[in-house]
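Asker: Take a look at this one; I'll ask things after.
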Amino acid sequence: MDIIAKMESIRIVPVLVLNDLKEGLQVCEQLCRCGLPAAEITFRTAAAEEVIREASKQFPEMFIGAGTVLNVKDLHRAFEAGAKFAVAPGFNPTVVKEAMANNFTFAPGVCTPSECEQAMELGCKFLKFFPAEAAGGIPFLKSLAAPYKHLGIRFMPTGGVKPSNAADYLAIPEIACVGGTWLNKTDDETVKAAVELAAQFKK
């Protein structure tokens, strides 16, 4: 699977913090029903692994990934449960190397040129820009991405991205998708609005 192409077709990936399996499956059902069959399910709760496993079975059309993957153990747990990709808030060379050795699609978090280059050196071409707004937002991300345009590096900004600024992020050519933290356990109307917004920037 070409992860960048897939992300560019989705454009907005809901970032979910789920406390139990029932809740997780309800949220995944809602996303599919409303036309946004994708999610980053974060490993911030004990339920994450089970939700990924069951949601992958019940909603095979969903593009499900794991978030907040901070160590090698959780990396393997995520992919064994069925995650198609994983991301982290920071750049941990040990986790990146393990992901690359196992052909796992993994996006480490970066917010400096040095972190970008270290991640690229280990084989990453898909990077999470985090925390997006706190780190400088759109002006900073444009400057950060500029030196690497010719290398095909793509970013997923997360952290402070919301409906009022998501379009500005998505308009940047080097953005594959944005992490939609505002879509965590929300209503149908908000999800459908995100689908309409994403459709304007499909590549």
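Using the numbering used here, the first residue of the sequence shown is number 1, and each one after it goes up by one. Quick reminder that beta carbons are idealized off the backbone N, C-alpha and C, glycines included.
(1) Buried or exposed for Glu117, going by 16 or more other Cβ atoms inside 10 Å?
(2) List the endpoints of the continuous alpha helix (DSSP H) containing Leu197.
(3) Would the region 85–93 count as touching the region 102–117 if we require 3 or more Cβ pairs under 8 Å?
(4) Pull up the distance between the alpha-carbon of Ala48 and that of Gly136, whole angstroms please.
(5) Taking all protein chains shown into account, decide if Ala171 is buried (16 or more other Cβ within 10 angstroms of its Cβ) or exposed.
(6) Tell me the residue span of the alpha helix (DSSP H) that contains Lys22.
(7) What residue ranges within the region 116–142 form continuous beta strand (DSSP E) runs of no fewer than 3 residues, ordered along the chain?
(8) What is the DSSP secondary structure of Pro157, reduced to helix, strand or coil?
(9) Just list the alpha helix (DSSP H) runs in the region 67–114, keeping only unbroken ones of 4 residues or longer that don't cross its boundaries, in chain order.
(10) State the DSSP-derived secondary structure class of Thr45, mapped to helix, strand or coil.
Answerer: So, from the listed chains and residues:
(1) As a working mapping, residue 117 is identified with position 117 in the sequence shown. With fewer than 16 Cβ atoms within 10 Å of its Cβ, Glu117 is classed as exposed.
(2) Mapped onto the sequence shown, residue 197 falls at position 197. Counting along the chain, the alpha helix (DSSP H) containing Leu197 begins and ends at 188–199.
(3) yes
(4) For the purposes of this step, residue 48 is taken as the residue at position 48 of the sequence shown. For the purposes of this step, residue 136 is taken as the residue at position 136 of the sequence shown. Approximately 30 Å, taken between the alpha carbons.
(5) The residue labelled residue 171 in the question sits at position 171 within the sequence shown. The residue in question, Ala171, is exposed, as its Cβ has fewer than 16 Cβ neighbours within 10 Å.
(6) Taking the first residue of the sequence shown as 1, we reach residue 22 at position 22. Run containing Lys22: 21–33, per the alpha helix (DSSP H) assignment.
(7) 126–129
(8) Numbered from its first residue, the sequence shown carries residue 157 at position 157. In the structure shown, Pro157 sits in a strand (DSSP, three-state: E or B).
(9) 72–81, 93–101
(10) What you label residue 45 is simply residue 45 of the sequence shown in a count that begins at 1. Looking at Thr45 - three-state DSSP - the assignment turns out to be coil, as it is neither helix nor strand.
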